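Asks: I'd like to ask some things about the structure below.
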Amino acid sequence: MFRTTAMTALGLALTATSAAAQDAYPATLAGHAVLPAATFAPAPADAPSYFQTSGRFTGPGNQRDASLYTREGSTWLSAEGALRTTGMFLPFVGQPVQGFSGISTLGDGTYMVLTDNGFGSQANSADTLLMVHHVRPDWESGRVEMLGTTFLSDPNEVLPFPIVTEATETRYLTGADFDIESVQPIGDLLWFGEEFGPYVFATNTDGEVVAFFRTEVEGAYVNSPDSHHLARPSLPGPLDFQVRRSRGFEGMAASPDGAFLYPMFEAPMIDPATGEGEALNGVPYIRVLQFDVAAQQFTGEEYRVRFDDPDHAVGDFNMIGGSYALFIERGNGEGDPRLGCEGTPTPDCFNVPATYKRVWLLDFAATDAEGFVERLGYIDLMNIADPDGVAIRGTIDGVFTFPFVTIEDVDLVDGEHIIVANDNNLPYSTGRTIGVADDNEFILLHVPEFLALMQ
1092 MFRTTAMTAL GLALTATSAA AQDAYPATLA GHAVLPAATF APAPADAPSY
1142 FQTSGRFTGP GNQRDASLYT REGSTWLSAE GALRTTGMFL PFVGQPVQGF
1192 SGISTLGDGT YMVLTDNGFG SQANSADTLL MVHHVRPDWE SGRVEMLGTT
1242 FLSDPNEVLP FPIVTEATET RYLTGADFDI ESVQPIGDLL WFGEEFGPYV
1292 FATNTDGEVV AFFRTEVEGA YVNSPDSHHL ARPSLPGPLD FQVRRSRGFE
1342 GMAASPDGAF LYPMFEAPMI DPATGEGEAL NGVPYIRVLQ FDVAAQQFTG
1392 EEYRVRFDDP DHAVGDFNMI GGSYALFIER GNGEGDPRLG CEGTPTPDCF
1442 NVPATYKRVW LLDFAATDAE GFVERLGYID LMNIADPDGV AIRGTIDGVF
1492 TFPFVTIEDV DLVDGEHIIV ANDNNLPYST GRTIGVADDN EFILLHVPEF
1542 LALMQ
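Right, here's the structure in full:
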């Protein structure tokens, strides 16, 4: 059921869009837990001492500056002349436990989450270590318990390209090697989707790489400008890449039986004919590929999911049973629009407030009238009811919002609840409170009507 090729789906346009396909469904805040922004992990004892500090390369031109706590972070969305700072200063002592960018429900009230590449780019993250965490949100206390952290490494030289720690014995992986954005535990392996290649790779439960794969689309390898496989010309000329920078595999779902992975690009691939993002009849779409876990190869089958705006981005993507999936589509704003700037932006208001932050329910067994994977309905993360006062920092008029620029975690909890969490881009996002670096927030949403669409 879940293996219909995109080419077949687009060609046949099997079913019409249901009347409910664009409907919003109610969500009630049932739990809220926060991991403070200033949460750090020590580097492993057998890692080079270099990694006891992070953020050296986050200054102008990504030049090394190891002067601790001397550069204040500011949000990327600041208006010109109205810098919105976050109150946290780089470089840091330790490795920041931040940027949760992929979640997997473990079924016992705990979750696997991962820290992405560090500070947002290949150029500024060579001193951050890649890691995956085991966490337990405590919905009663509002705290998040850190149960364990696993650092990724390549001690057996599985990766075909040089890494930052190439000359060391432990060969820990850094944010200049990969930008991991999704994780799926299958059997005794952890599978990761990442953005630089984009690539798919697997580690054992100790975080050691055991398999690595380049991405194939329609029988050919594709690259982003940060790919370790991209050939650079010796003379000025165009680079041959098909995936925009930082728009590789943002989400990667696993089929319920663990037989297949479904890596999802963060944004439309570039159409070589137009130089713009891919679209069908003016509708932007993103590709979802299929990877056979047992055969360890891309199958060539794919799906296409419509976007409401070409400038939107994928937040996360998880299968939740049968052919159904949860998928975050987000705009690029941050901050509650009720606290937005009026007139000329100033540092004490949100100049680009959040508006579009949605969790869609998809059915991969059906297509709409244009051949895209059918969207059954959505949850508006900017309109969450909180009648019981669950929100840790309160609400405005009883309406709780999740107004972060990057919301990159969603999964099913049970038949009536989903979990959502943000990537706080430490120290570069301040979507909750003006002038304060965002925490890592987990919310438990009661959404029975939304999940009933699967029945």
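First residue of the sequence shown: 1092, per this note's numbering; consecutive thereafter. Think of the CB as a built atom: it goes at the ideal place given N, C-alpha and C, for glycine as much as any other residue. Bear in mind the structure is a predicted one, so any value in this text is a computation, not a measurement.
Between the Cα of P1359 and the Cα atoms of L1352, A1345, Y1394, which residue gives the shortest distance?
Replies: Taking only the C-alpha atoms, the option nearest P1359 is Y1394.
Asks: For the structure I just gave you, are there three or more beta carbon pairs, one from the segment 1447-1460 and one from the segment 1172-1186, closer than 8 Å?
Replies: Contact between the segment 1447-1460 and the segment 1172-1186 is absent, because fewer than three Cβ pairs lie under 8 Å.
Asks: For N1442, count neighbouring C-beta atoms within 10 Å of its own C-beta (all shown protein chains included) and say buried if the count is 16 or more, exposed if not.
Replies: Label assigned to N1442: buried.
Asks: Express the C-alpha separation of P1151 and P1539 in angstroms, rounding to a whole number.
Replies: Roughly 48 Å separates the two Cα atoms.
Asks: Spell out the partners DSSP gives N1531 in its beta bridges.
Replies: DSSP, once it has assigned bridges, lists L1126 as partnering N1531.
Asks: DSSP on F1252, reduced to helix/strand/coil?
Replies: In the structure shown, F1252 sits in coil (DSSP, three-state: anything other than H, G, I, E or B).
Asks: Short of 7 Å in beta carbon distance, which residues of its chain neighbour L1197, apart from the five on each side in sequence? Order them along the chain.
Replies: So the qualifying residues of the chain are M1203.
Asks: Using a Cβ-Cβ cutoff of less than 8 Å, which residues in the same chain neighbour V1490 once the five nearest sequence positions on both sides are dropped?
Replies: Closer than 8 Å at Cβ, skipping near neighbours: N1474, I1475, A1476, D1477.
Asks: Taking only three categories from DSSP, how would you classify Y1519?
Replies: Here Y1519 sits in coil by DSSP.
Asks: Use the C-beta contact count for F1252: other C-beta atoms within 10 angstroms, 16 or more gives buried, fewer gives exposed.
Replies: Result: exposed.
Asks: Suppose you measure from the CA of A1115 to the CA of L1472; what does that come to, to the nearest Å?
Replies: When rounded, the distance between both Cα atoms is 10 Å.
Asks: Can you name the residues that DSSP bridges to A1492?
Replies: Before going on, a small fix: residue 1492 reads as Thr here, not Ala. Its beta-bridge partners do not exist; DSSP assigns none.
Asks: Can you check DSSP and say which residues form a bridge with L1205?
Replies: DSSP lists V1223 as partners of L1205.
Asks: With a threshold of 8 Å, are at least 3 pairs of Cβ atoms found where one atom belongs to the segment 1527-1543 and the other to the segment 1493-1506?
Replies: The segment 1527-1543 vs the segment 1493-1506: in contact.
Asks: Below 8 Å on the Cβ atoms is my contact criterion, and I expect I1271 with L1205 to pass it. Report the Cβ-Cβ distance as a whole number of Å.
Replies: At roughly 6 Å, the Cβ-Cβ gap stays under 8 Å, so I1271 and L1205 are in contact.
Asks: How would you call R1466, buried or exposed, if buried means at least 16 neighbouring beta carbons within 10 angstroms?
Replies: Label assigned to R1466: buried.
Asks: Spatial neighbours of D1317 within its chain, please: CB distance less than 7 Å, with the 5 preceding and 5 following residues excluded, ordered by chain position.
Replies: Closer than 7 Å at the Cβ level, and outside the excluded window around D1317, lie Q1213, F1287, R1336.
Asks: I need the boundaries of the alpha helix (DSSP H) containing E1369, first residue and last residue.
Replies: From DSSP, E1369 is part of no alpha helix (DSSP H); its letter is neither H nor E.
Asks: Quick one, are the C-beta atoms of G1278 and M1343 less than 7 Å apart?
Replies: Cβ distance not < 7 Å, so G1278 and M1343 don't count as in contact.
Asks: Could you pull out every unbroken beta strand (DSSP E) segment of at least 3 residues lying fully inside the segment 1139-1217, listed in chain order?
Replies: You should have 1162-1165, 1176-1181, 1191-1196, 1202-1206.
Asks: If you check the beta carbons only, do V1511 and L1417 fall under 7 Å apart?
Replies: No. Outside cutoff.
Asks: Less than 7 Å between the C-beta atoms of L1535 and W1230, yes or no?
Replies: Going by C-beta atoms, L1535 is nearer than 7 Å to W1230.
Asks: Quick check on the burial criterion: 16 or more other C-beta atoms within 10 angstroms. Buried or exposed for D1199?
Replies: Exposed is the call here.
Asks: On the three-state DSSP scale, how would you describe R1429?
Replies: Helix at R1429.
Asks: To which residues of the same chain is G1339 closer than 7 Å at the C-beta, ignoring the five residues directly before and after it?
Replies: Answer for G1339: E1285, E1286, F1287, G1288, P1289, S1315, F1356, E1357, listed in chain order.
Asks: Do you know whose CA, among T1240, V1235, G1178, S1195, lies nearest A1124's CA?
Replies: When each option's Cα is compared against that of A1124, the closest is V1235.
Asks: Return the CA-CA distance between M1092 and Y1353, expressed in angstroms with no decimal places.
Replies: Reliability fails at M1092, whose pLDDT of 34 lies under 50, so the model's placement of it is uncertain and the value that follows must be treated cautiously. Roughly 14 Å separates the two Cα atoms.
Asks: Taking C-alpha atoms, which residue in G1406, V1496, A1457, L1452 lies nearest to G1426?
Replies: For the residues G1406, V1496, A1457, L1452, the minimum Cα distance to G1426 belongs to V1496.
Asks: If we ignore side chains and look at the alpha-carbon of each, how far apart do G1434 and A1350 end up?
Replies: Approximately 53 Å, taken between the alpha carbons.
Asks: How long is the line joining the alpha carbons of P1133 and D1514, rounded to whole angstroms?
Replies: Their backbone Cα atoms lie some 20 Å apart in a straight line.
Asks: Assess contact between the segment 1159-1170 and the segment 1240-1248, defined as three or more Cβ pairs (one per stretch) separated by less than 8 Å. Is contact present?
Replies: They do not touch, by the three-pair rule.
Asks: Flag this pair as yes or no: are the beta carbons of S1192 and G1266 separated by less than 7 Å?
Replies: Their beta carbons are not under 7 Å apart, which means S1192 does not touch G1266 by this criterion.
Asks: Tell whether a beta-carbon distance below 7 Å holds between P1518 and G1209.
Replies: Contact: no.
Asks: DSSP on P1363, reduced to helix/strand/coil?
Replies: Note: P1363 maps to coil in three-state DSSP.
Asks: Would you decide whether P1363 is buried or exposed? Buried here means 16 or more other CB atoms lie within 10 Å of its CB.
Replies: Looking at its Cβ environment, which holds fewer than 16 other Cβ atoms inside 10 Å, P1363 is exposed.
Asks: Expressed to the nearest angstrom, what Euclidean distance is found between the alpha-carbon atoms of G1211 and I1361?
Replies: When rounded, the distance between both Cα atoms is 21 Å.
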